[in-house]
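This report concerns only the one structure given below.
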Amino acid sequence: MRYTPPSGWYYNYPKHKKPAASLERKLNYKGEERLLAKEWYEQQLANYPDVLTVAQVCEVTGYQRHTILKWCSKGLLKAILQTPKYMIPKVWLLEFVTSDFSNEISRKCGKHYA
Numbered sequence: 005m006r007y008t009p010p011s012g013w014y015y016n017y018p019k020h021k022k023p024a025a026s027l028e029r030k031l032n033y034k035g036e037e038r039l040l041a042k043e044w045y046e047q048q049l050a051n052y053p054d055v056l057t058v059a060q061v062c063e064v065t066g067y068q069r070h071t072i073l074k075w076c077s078k079g080l081l082k083a084i085l086q087t088p089k090y091m092i093p094k095v096w097l098l099e100f101v102t103s104d105f106s107n108e109i110s111r112k113c114g115k116h117y118a
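Position 13 (the sequence shown) corresponds to 17 in our numbering; numbering is contiguous.
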């Protein structure tokens, strides 16, 4: 018996990748929804200090430590570098989670859809 790949398998080979399953799961905050999201995050951050560690940001947002560190090092998430760690003020975190960049992230954890 001979096996053959499905049609289109070799298209764009070797860069062939299946699309991410979660691409359709975007949160499109606009106008009032963005303000509601900001209020929700403010409530979540109420018991945290004014300046957060990366671990605390991970706890609040649901993203992994590596992801938060990458965003800080690229300047996507504003942070204060206190060698050897990043410190993120609440104001900057709120600005980030309601930004267009954060809104367009297609791979979110279950926390974002609650």
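Glycine included, C-beta positions come from ideal geometry on N, C-alpha and C.
Considered as a whole, the segment 79-106 harbours 94-101 as its complete alpha helix (DSSP H) runs of no fewer than 4 residues, in chain order. For T65, the enclosing alpha helix (DSSP H) starts and ends at 58-65. Counting the other CB atoms within 10 Å of its CB gives W75 a total of 16 or more, which places it among the buried residues. T8 has its alpha-carbon roughly 54 Å from the corresponding atom of L49. Inter-residue distance for G79 and Q60 is about 18 Å (C-alpha atoms, whole angstroms). Separation of the CB atoms of I92 and L81 is rounded to 7 Å, and the pair is thereby assigned contact status at 8 Å. In the assembly as shown, I72 is a buried residue. Its beta-carbon has 16 or more other beta-carbons within 10 Å. Judged by beta-carbon spacing, T57 lies within the 8 Å limit of K89, meaning their Cβ atoms are closer than that value. R69 and E37 have their C-alpha atoms roughly 27 Å apart. Around the beta carbon of S77, fewer than 16 other beta carbons lie within 10 angstroms, which makes this residue exposed. Counting the other CB atoms within 10 Å of its CB gives F105 a total below 16, which places it among the exposed residues.
The alpha-carbon of P53 is positioned some 8 Å away from that of K94.
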